[in-house]
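Just below is one structure, and these are the notes that go with it.
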Amino acid sequence: MEITNTYKHKDKAVANLSGGQKQRVFIAMALAQDTKVLFLDEPTTYLDIRYQLQILKLIRRLNKEFGMTIVMVFHDINQALYYSDEIAAMRDGQIAAKGKPDEIITSELINKVYGVNLDVEIHNNKPFVISWN
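Here the sequence shown stands for residues 44 to 176, numbered as in my numbering.
Following this line, the structure appears as structure tokens:
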């Protein structure tokens, strides 16, 4: 609870917590099981930007400081690119590309996976999909 900053919610029903608080409590429950691998499906869905950043920073900390393997599913491509060491881009249930974000993400891959023409730019040495064609 200390790692996830959820001790203050220990006596509250999960149903009474905000979305970001619930996510941190669910992660705390996984940590209490002493897991080495954490699987997360859309961990930032329905969260405002503040809670999205808090959750993503917590997840990064679990990986970097505690050596936990994190497997996440994202639909927000920029979150996936920024917060992942490796990604697998999927199309129709098949892996279209996998590797380090800065090595595989291109406009061509975005088109192949999503069927849209968008630019990929580098910011702070990380790729971002930013164009609104």
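For glycine and all other residues, C-beta sits at the position ideal for the given N, C-alpha and C.
C-alpha distance - residue i paired with residue j, whole-angstrom precision
i           : j           : result
residue 59  : residue 68  : 12 Å
residue 61  : residue 136 : 32 Å
residue 99  : residue 162 : 24 Å
residue 113 : residue 80  : 6 Å
residue 71  : residue 105 : 11 Å
residue 56  : residue 64  : 11 Å
residue 90  : residue 115 : 16 Å
residue 53  : residue 82  : 23 Å
residue 182 : residue 160 : This structure gives no information on residue 182, because the portion of the chain shown stretches from 44 to 176.
residue 165 : residue 122 : 14 Å
residue 118 : residue 138 : 15 Å
residue 128 : residue 171 : 14 Å
residue 167 : residue 146 : 15 Å
residue 156 : residue 86  : 22 Å
residue 93  : residue 46  : 18 Å
residue 101 : residue 126 : 11 Å
Outcome for residue i when other beta-carbon atoms lying within 10 angstroms are tallied against a minimum of 16
i           : result
residue 50  : exposed
residue 66  : buried
residue 76  : exposed
residue 130 : buried
residue 120 : buried
residue 78  : exposed
Supposed close pair residue i, residue j - CB separation, criterion 8 Å
i           : j           : result
residue 148 : residue 124 : 6 Å
residue 169 : residue 144 : 7 Å
Identity of the residues DSSP links to residue i by a beta bridge
i           : result
residue 132 : 140
residue 166 : 169
Of all the alpha helix (DSSP H) runs that stay within the bounds of the stretch 70-127, which reach a length of 4 or more residues? 92-109 and 120-126
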